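Numbering (mature numbering (1 follows the signal peptide of the UniProt record, and there is no 0)), first residue to last: -18 to -1, 1 to 112.
Where is the CB? At the ideal position from N, CA and C, for every residue including glycine.
Predicted model, so just to flag it, every value in this text is computed and none were measured.
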């Protein structure tokens, strides 16, 4: 039993010593970086009179659609934005088969405007061709 205990203590001591030397010994990559150069940064001070726009110009276009006959979820949506002007349209097939179409625009002068159209109910076959 004493032999096992001595082996465990010796193994722990060797491992701890090896880790200590590995920690204290500089690696090769550190020697290559020894002559470190200080990197200077030019700081630009922004005066109160100087305007800085931290936001990107908002411009995008997207379009998506869902056509899931299993759940009855059938819809489309597309929208575009250029600056403060947003235009888009979405359609939804209602549970009774009618189609609700909403055309909308939004800008900072007129606000949000939507025009809603509703068509008569359609069959499942007609809905498949949307």
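Exercise. Note the first and the last residue of the continuous beta strand (DSSP E) segment covering residue 97.
Key: Mapped onto the chain shown, residue 97 falls at position 115. First-last of the beta strand (DSSP E) with residue 97: 93 to 100.
Quiz item: Which same chain residues, not among the five before or five after residue 68, have their C-beta less than 6 Å away from its C-beta?
Solution: If you number the chain shown from 1, residue 68 lands on position 86. Excluding residues within five positions, the ones whose Cβ falls inside 6 Å are 88.
Quiz item: For the 8 Å Cβ check, are there 3 or more pairs between the segment 55 to 69 and the segment 95 to 102?
Solution: no
Quiz prompt | For residue 56 and residue 48, the rounded distance between their alpha carbons | solution = Taking the first residue of the chain shown as 1, we reach residue 48 at position 66. Taking the first residue of the chain shown as 1, we reach residue 56 at position 74. About 5 Å.
Exercise. Alpha carbon to alpha carbon, how far is residue 32 from residue 82? Give it in angstroms, no decimals.
Key: On the chain shown, residue 82 is found 100 positions in, with the first residue counted as 1. On the chain shown, residue 32 is found 50 positions in, with the first residue counted as 1. Between residue 82 and residue 32, the C-alpha separation is close to 49 Å.
Practice problem: Can you say whether residue 45 is buried or exposed, counting buried as having 16 or more other CB atoms within 10 angstroms of its CB? | Solution: Within the chain shown, residue 45 is the residue found at index 63, counting from 1. It is exposed - the Cβ of residue 45 has fewer than 16 other Cβ atoms within 10 Å.
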